Structures are given as C-alpha cells and as structure tokens.
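Before any comments, here is the structure.
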Amino acid sequence: MTGNAHDPRLWTPQEVEEILRRHAGREGPLMPILGDVQAAFGHVPEGAVPIIAAALNLSRAEVHGVVSFYHDFRRAPASRPVVKLCRAEACQARGAEQLAPLLERDERIELETVYCLGLCASGPSALVGDQVYARLDETNVADLVALAARGSAL
Ligand code: FES
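Everything in the sequence shown is counted per the numbering used here, starting at 2 for the first residue and increasing by one.
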C-alpha cells in the first residue's frame, strides 16, 4: 500500500475524465466509474457528479441517486482511516461478527462493511486502503487497527 489510505487526494476534472475514458464503450458503466472515482479520491467529489452525468447522458440527480443509495460511496472524505470488514456469509461463519463490535468501538478508525473480498476460505477478512488482510482474530485485528490508525504502509 502506498500513501495514507484516509488522506483523500485532491481531484481534478482531468482525472475524472481519464477514468471516464477507461470505461468508454462499456455497458452499465456508472457503478464501476463511481467505484474508480472513489478509489482514486477516497470519495465521489460533488464536482465530479456533473462531469460523470454529462459523459453518460444522465441527469445529475440520477448520479446523485446512485451515490446516495449505495453506502459504499462517500460524498465526503472519511475523517478517520477506514477499515472495511467483510461481513458476508463465509467471514461471518469464521468470526467476523465477533470482530465488528471491537472495530465499532475503536474511535481511531471508521468501520465499513463489505461483502466478500475474495478470501472466503481465510476469513474473517478486511480491507485497509488497497490491502486485504485475512485470518483476522481478536488479537491481530488490534494490530491492524493500530497500523491503520497510524496510516502506516501496511
Ligand atoms: S466472505 Fe469474506 S472474503 Fe468472501
């Protein structure tokens, strides 16, 4: 992982247009575009919405509607480092639900829920920045939180 995962980058219209170019010609590109915008900037900037809407021939309200509906999309940068805990079935069966309250209580990080990170056999799993962590338990999740809170290269 490079950089500090909770430190949102400034965005530029040119970068949003570059993301749009990467998805040109795809069917149903709104979700992947929003996902890439969020991955790049840590949120979907308000100013990016009209650019995306114009490129996809949608109204701003339609793009706003999708951003608002899906909780994974942020309209503002996270104020704390984000730990995304997988709470899909396989990770639940391996103890994710016991870890969730520990993460919720920790004021150094912000807990988000995701559904499957592709490491189902090694769960519980979590994502910090672009790094996936597996085999979490009550001990190593505390280490993960400490590293995430420091913004360390994990
Ligand atoms: S269910 Fe958690 S990684 Fe797949």
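Ideal Cβ placement from N, Cα and C applies to all residues, glycine included. Source: prediction; values computed, not measured.
Quiz item: Three or more C-beta pairs closer than 8 Å, one from the stretch 87–98 and one from the stretch 50–68: is that the case here?
Solution: no
Quiz item: For Leu57, is the beta carbon positioned less than 7 Å from some heavy atom of the ligand FES?
Solution: Residue numbering aside, residue 57 sits at position 56 when the sequence shown is read from its first letter. Because no heavy atom of the ligand FES lies under 7 Å away, the Cβ of Leu57 does not count as near it: no.
Practice problem: Over the uninterrupted alpha helix (DSSP H) stretch that includes Ala147, give me the two end residues. | Solution: The count along the sequence shown starts at 1 and reaches residue 147 at position 146. Residues 141–151.
Quiz prompt | Contiguous alpha helix (DSSP H) assignments of at least 4 residues, all confined to the stretch 41–109 | solution = 49–57, 61–70, 90–94, 97–106
Self-check item: C-alpha gap between Ala1 and Arg76, whole angstroms
Solution: Absent from the structure is residue 1, since the part of the chain shown begins at 2 and ends at 155.
Practice problem: Flag this pair as yes or no: are the beta carbons of Arg88 and Tyr71 separated by less than 8 Å? | Solution: As a first step, residue 88 is located in the sequence shown; it is residue number 87 there, counting from the start. As a first step, residue 71 is located in the sequence shown; it is residue number 70 there, counting from the start. It is not a contact, given that the beta carbons lie outside the stated cut-off.
Practice problem: Could you please go through the chain and list the residues whose beta-carbon is closer than 5 Å to any non-hydrogen atom of the ligand FES? | Solution: Cys87, Ala89, Ala91, Cys92, Cys117, Leu118, Leu120, Cys121, Gly124, Ser126
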